[in-house]
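One structure is given below, encoded as structure tokens.
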Amino acid sequence: MKNGITILVFCLLIVNLIQGFNLNRTNTEDNRGIDYEIPADPKYIPWPKKIITYAIQGTDITSDVTLKDLRKVVREAFDIWSKYIPRDFIETTDVKNANIQLSFWEGSHNDNISFDGIGGIVAHASYKGILHYDRDEKWKRYSISEKENPRIKDLLAVTIHEIGHVLGIGHSKIPGSVMILDYQGDFGKNGYVQPKLLPSDIQNIQNIYGARNNEIKLSPITKSNQWNRRNISYAISDIPPSLQHIYINTLIFKAFSTWSNVIPMNFYQILQINSSDIRIRFVKGEHGDNGPFSNATDVAHSLITDDHRNFEIHFNNDAKWAQNIVGKPFIQNATDFYAIALKMTGGVLGLQNSLEPQSIMYYLYKKYIDENGNYFEPNLSENDVKEIQKIYGPGF
-6 MKNGITILVF CLLIVNLIQG FNLNRTNTED NRGIDYEIPA DPKYIPWPKK IITYAIQGTD
54 ITSDVTLKDL RKVVREAFDI WSKYIPRDFI ETTDVKNANI QLSFWEGSHN DNISFDGIGG
114 IVAHASYKGI LHYDRDEKWK RYSISEKENP RIKDLLAVTI HEIGHVLGIG HSKIPGSVMI
174 LDYQGDFGKN GYVQPKLLPS DIQNIQNIYG ARNNEIKLSP ITKSNQWNRR NISYAISDIP
234 PSLQHIYINT LIFKAFSTWS NVIPMNFYQI LQINSSDIRI RFVKGEHGDN GPFSNATDVA
294 HSLITDDHRN FEIHFNNDAK WAQNIVGKPF IQNATDFYAI ALKMTGGVLG LQNSLEPQSI
354 MYYLYKKYID ENGNYFEPNL SENDVKEIQK IYGPGF
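Anchor point for the sequence shown: position 83 equals 76 in this note's numbering, and the numbering is continuous, going up by one each time.
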């Protein structure tokens, strides 16, 4: 009967254009779930917009995770899909007008699909941009190699799965797929492993949206940060031989100074990277932070360390970096280092990606080039100054 209940609930979900993630640990006959081929609704799928906004509704989420941690997980989950399709996802605080709305509910919650307490359906989503979590479940963002607690659901794995539904993908019966019907968690013999898309998942999503081209991709700031002190240290390590050390040190100092000119904060460089507040590293590929650089067009990202004590900025060693000079011809087919450094330092101060093209925090990479093809220096927009001063107040 348990299989029958699972199927019945899922059929109801289909009728309502909502997909569910079921917990069915005791289903020994088919613990992978049941595969349904559900055609995407042409009214909603594929999403026609290239930039899709999302918002987390309310503050009454779950006592298991903080709102900041939830935002980080949701951002990470959207990035996993965005990496393979020509769609970008931007968080907004305008819940009413957001394209995708995420929220926690319990029991009956006015969408014709009731949650059923611990176990059963842990989350569901709609092509129309609704993603609901069951508040009665226990949730967490597991750390790599952490042992599984069967009573606590992996928030990241569930979020990746439900976003897949929002984007138009049905369930899969392929073992290891993020779109498998029954919740299984991403645990191996050595504990938790980072969820990732299988080739079949990538193929399914690209069948709907096509593949992302090789445009420069800036990973969004995954978690906001507000410093509670005025003097912040930073250190730089592993600058590649292809870049001039003095030049890189100068540009990073200049980036921090640009921000400190409009807020009451000081930044100073030290040599010991493990003793610094902000750790700036040049890395490549898989580098131990669950956010590997997949290719040379994924150029930089920032993150807070697991102990929430330090911030890291990572530049991709495999990227082709340009050291442009003001008034000289802009170097094509390379990424301007200073523009990225200025954006990343804004991120460590707590700013998020922006939809404003004039903002240094604009979510896409911009070329600062004048009508003569010469480079001009990036600077803060009025809105950048306004947003950073909302956090820290005006300069000294």
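Beta carbons: idealized from backbone N, C-alpha and C, even for Gly.
Proximity winner among the options, relative to residue i (alpha-carbon distances)
{"i": "R205", "options": "D62, K76, R64, Y261", "result": "K76"}
{"i": "I195", "options": "Y185, Q219, Q187, L160", "result": "L160"}
{"i": "H307", "options": "S230, Y120, T86, T328", "result": "S230"}
{"i": "L95", "options": "G110, T152, W74, I137", "result": "T152"}
{"i": "Y47", "options": "L348, E375, H238", "result": "L348"}
{"i": "Y135", "options": "V88, Y185, K121", "result": "Y185"}
{"i": "M172", "options": "G386, Q316, I156, E139", "result": "I156"}
{"i": "S287", "options": "D72, K359, S165", "result": "D72"}
{"i": "W74", "options": "V378, H154, K383", "result": "H154"}
{"i": "K42", "options": "K360, R80, N183", "result": "R80"}
{"i": "D129", "options": "E305, E99, V67, V66", "result": "E99"}
{"i": "V341", "options": "K313, D270, F108, Y355", "result": "D270"}
{"i": "Y385", "options": "N267, A150, I256", "result": "I256"}
{"i": "K182", "options": "N326, I137, P168", "result": "I137"}
{"i": "K104", "options": "F180, A118, G388", "result": "One point to set straight first is that residue 104 is Asp, not Lys, in the sequence displayed. D104 has its Cα closest to that of A118, out of F180, A118, G388."}
{"i": "Y358", "options": "E375, L373, E364, A332", "result": "A332"}
Bridge partners - residue i, DSSP secondary structure assignment
{"i": "K131", "result": "I145"}
{"i": "V276", "result": "N309"}
{"i": "E84", "result": "Y47"}
{"i": "L296", "result": "E305"}
{"i": "L95", "result": "I49, L124"}
{"i": "N197", "result": "None; N197 has no bridge partner."}
{"i": "N367", "result": "P322"}
{"i": "D72", "result": "In the DSSP output, where bridge partners are listed per residue, D72 has none listed."}
{"i": "F260", "result": "I225"}
{"i": "Y185", "result": "F180"}
{"i": "S347", "result": "Y355"}
Collapsed DSSP secondary structure at residue i in the structure displayed
{"i": "W40", "result": "coil"}
{"i": "Y385", "result": "helix"}
{"i": "H154", "result": "helix"}
{"i": "S253", "result": "helix"}
{"i": "I31", "result": "Only weak support is given to the placement of I31: the predicted model assigns it a pLDDT of 38, under 50, and the value that follows is read from those uncertain coordinates. The answer is coil: DSSP assigns I31 none of H, G, I, E or B."}
{"i": "I229", "result": "strand"}
{"i": "I271", "result": "strand"}
{"i": "Y331", "result": "helix"}
{"i": "V66", "result": "helix"}
{"i": "W220", "result": "coil"}
{"i": "Y202", "result": "helix"}
{"i": "F14", "result": "Per-residue confidence for F14 stands at a pLDDT of 45, beneath the threshold of 50, marking its modelled position as unreliable; the derived number appears in the next sentence. Strand, per DSSP."}
{"i": "Y240", "result": "helix"}
{"i": "I173", "result": "strand"}
{"i": "A248", "result": "helix"}
{"i": "G281", "result": "coil"}
{"i": "I362", "result": "strand"}
{"i": "N317", "result": "coil"}
{"i": "G340", "result": "helix"}
{"i": "D57", "result": "coil"}
{"i": "D377", "result": "helix"}
{"i": "N372", "result": "coil"}
Cut-off 7 Å between Cβ atoms - residues of its own chain near residue i, not counting five sequence neighbours on either side
{"i": "K133", "result": "D57, V58, I145, L148"}
{"i": "E380", "result": "L344"}
{"i": "D28", "result": "A caution first: D28 carries a pLDDT of 27, below 50, which makes its placement in the model unreliable, though a value can still be read off. The residues are H164, S165, K166."}
Same chain, Cβ closer than 6 Å to residue i, neighbours up to 5 away in sequence not counted
{"i": "F275", "result": "D231, I232, P233, F308, N310"}
{"i": "T19", "result": "Annotation note: pLDDT 26 at T19 (below 50); position unreliable, coordinate value reported separately. Correct list: empty, nothing qualifies."}
{"i": "I78", "result": "I198, Y202, R205"}
{"i": "D377", "result": "S352, I353"}
Contact with chain C by residue i, beta-carbon distance below 9 Å
{"i": "E139", "result": "No chain C appears in the structure shown, which is made up of a single protein chain."}
Close Cβ partners of residue i (< 8 Å) along its chain, the five nearest in sequence each way excluded
{"i": "I38", "result": "Y120, L160, G161, I201"}
{"i": "P32", "result": "Confidence is the limiting factor: at P32 the pLDDT is only 42, short of 50, which leaves the residue's position unreliable and the question unanswerable from this model."}
Q: Determine, using beta-carbon pairs with one atom in the stretch 271 to 288 and one in the stretch 367 to 374, whether at least three such pairs fall under 8 Å.
A: no
Q) Is the stretch 227 to 245 touching the stretch 179 to 193, taking contact as three or more C-beta pairs under 8 Å? A) no
Q: Indicate whether the contact test is met: 3 or more Cβ pairs, each with one atom in the stretch 251 to 270 and one in the stretch 221 to 229, closer than 8 Å.
A: yes
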